[in-house]
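A.B. asks: So the mapping is simple: our numbering equals the position in the sequence shown, first residue as 1, plus 3. All C-beta atoms, glycine included, are put in the ideal place defined by N, C-alpha and C.
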Amino acid sequence: MDRNSPLAEGLAAAGLSAFLFWGLRFLPFLGAGIVPAAALPLVRFGTRRGGRMALAASAGAALLAAAIGFSFVRSPAPAVGEAVALLATAGACAVAAGLARNRRPSRVFLALCVYGAVAGALLWASTPRIDREAAIRFDGMVEQWMTSARQSGADAATLRNWQASAEVVRDNVVRYAEGLIGALWVLVAAVAFYLGRRLAVRAPEDGGFARLRLPPLLAGLFVVSGAAAALFRGDPRRIALDVLAPVLALYFVAGLSIIAYFARRWFRTGVLRGATYVMASWFPFSAGTAVLGLFDWYFDFRERAEKRAIGRKE
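#1: Taking C-alpha atoms, which residue in Val-227, Ala-64, Leu-58 and Gly-72 lies nearest to Ala-41?
#2: Within the continuous alpha helix (DSSP H) that includes Phe-155, where are the two ends?
#3: In this structure, does DSSP put Asn-105 in helix, strand or coil?
#4: Within its chain, find whatever has a CB closer than 8 Å to the CB of Pro-207; leave out the 5 residues flanking it on each side and keep chain order.
#5: Determine, using beta carbons only, whether Ala-293 and Leu-251 come nearer to each other than 8 Å.
#6: Let me know if Ser-8 comes out buried or exposed under the rule of 16 or more other beta-carbons within 10 Å of its beta-carbon.
#7: What residue from Gly-277, Gly-291, Phe-298 and Asn-164 has the CA that sits closest to Gly-223's CA?
#8: With the cut-off set at 8 Å, would you say Glu-85 and Ala-69 are in Cβ contact?
#9: List, from N- to C-terminal side, the alpha helix (DSSP H) runs of 4 residues or more that fit wholly inside the region 163-248.
#10: Just to confirm the assignment, what range does the alpha helix (DSSP H) spanning Thr-292 have?
#11: Just to confirm before moving on: does the CB-CB distance between Ala-97 and Gly-26 stay below 8 Å?
#12: Which residue comes first and which comes last in the alpha helix (DSSP H) that contains Gly-49?
#13: What does a CB cutoff of less than 6 Å around Ala-180 pick up in its chain, not counting 5 residues either side in sequence?
#14: Once you ignore the five residues that flank Pro-219 on each side, which residues in its own chain have a CB closer than 7 Å to its CB?
#15: For Asp-245, count the other beta carbons within 10 Å of its own beta carbon; 16 or more makes it buried, fewer makes it exposed. Which is it?
#16: Buried or exposed for Thr-130, please, with buried defined as at least 16 other CB atoms from any protein chain shown within 10 angstroms of its CB.
#17: Decide if the region 257-268 is in contact with the region 277-286; the criterion is three or more beta carbon pairs, one per stretch, under 8 Å apart.
#18: So, does the region 129-148 touch the region 226-243, judging by three or more C-beta pairs under 8 Å?
#19: Is Phe-112 helix, strand or coil by DSSP?
#20: On the three-state DSSP scale, how would you describe Pro-131?
#21: Would you call the region 154-170 and the region 7-22 touching, i.e. three or more CB-CB distances under 8 Å?
#22: Use the C-beta contact count for Leu-234: other C-beta atoms within 10 angstroms, 16 or more gives buried, fewer gives exposed.
#23: State the Cα-Cα distance for the pair Thr-272 and Gly-13, rounded to the nearest angstrom.
#24: Out of Ala-11, Leu-113, Gly-237 and Gly-182, which one is the CA nearest neighbour of Phe-212?
#25: Between Gly-101 and Met-56, which are expected to be in contact by the criterion C-beta below 8 Å, what is the C-beta distance as a whole number of angstroms?
#26: Please state whether the Cβ-Cβ distance between Ala-124 and Leu-90 is less than 8 Å.
#27: Quick check on the burial criterion: 16 or more other C-beta atoms within 10 angstroms. Buried or exposed for Thr-161?
#28: Assuming contact is defined by CB atoms lying nearer than 8 Å, are Pro-249 and Ala-186 in contact in what I supplied?
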């Protein structure tokens, strides 16, 4: 079999995706990084071969992940759940990359973000007692961390402050879980979608991540949800914040794309560009990055820079 054939390439992408999906579980600190890592081979394949081929490869990766899961747990239900999770996350990113070949990547990426945020929120809201289970797991992690702090000699006052802070964090994480899931999905999808496309094509014709643009109507959603969060209390405020969180994440990604555009113009070395991206992602600079993405719909920073460059040449 020719290794450059679509079948061979699809099988390789499916196998590598399933391997990363399971293999990286042994590195707990990766957390949500497992999803973009498992998506990268499939997104690369989808960019090269199209949406239908990406869907087929994703289904193959899901079946292989189910087989691996069944060999570990000897129970079909968890294995099927893992397969569905891979297909719904990494597979969705791959199909989106295939669709972006004939459509505007920014619109496809926005649709991918809406899909993941809505699906994640509905799954959380429809699962019985999931908030209580999440709180119990969070408390277990905090207890392990507190035990380690006691053994290291932390004083009682410091431990009480840490415990109180952990309880506040737990309550907010559980209460606003839908919005936090949506925001996390936006960040995960951005890495998987744009990095996978870059691995497939060194210099995408559409400009890749540096050309990400969000529709102006999204600014209206930001204003409405922000105003509702400030004016209301109770469930309306919670819903508004759940909407606001992924919107802010989208504007952060858009701001980072603007920084990427100018970093490629100003810095020749990848080290300087990488340091710039890290600094722009670090709090409190990340807030400025999100503001940059928010105001791009009005100022259009990249378009202005290109017009100035043309004017200087003339």
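C.D. replies: Concretely, from the data shown:
#1: Ala-64
#2: For the sequence presented, residue 155 should be read as Ser rather than Phe. No alpha helix (DSSP H) holds Ser-155; DSSP gives it neither H nor E.
#3: coil
#4: Pro-108, Arg-200 and Arg-201
#5: yes
#6: exposed
#7: Phe-298
#8: yes
#9: 180-193, 199-203 and 220-234
#10: 288-302
#11: no
#12: 37-52
#13: Trp-127
#14: Trp-300
#15: buried
#16: exposed
#17: yes
#18: no
#19: helix
#20: coil
#21: no
#22: exposed
#23: 33 Å
#24: Leu-113
#25: 7 Å
#26: no
#27: exposed
#28: yes
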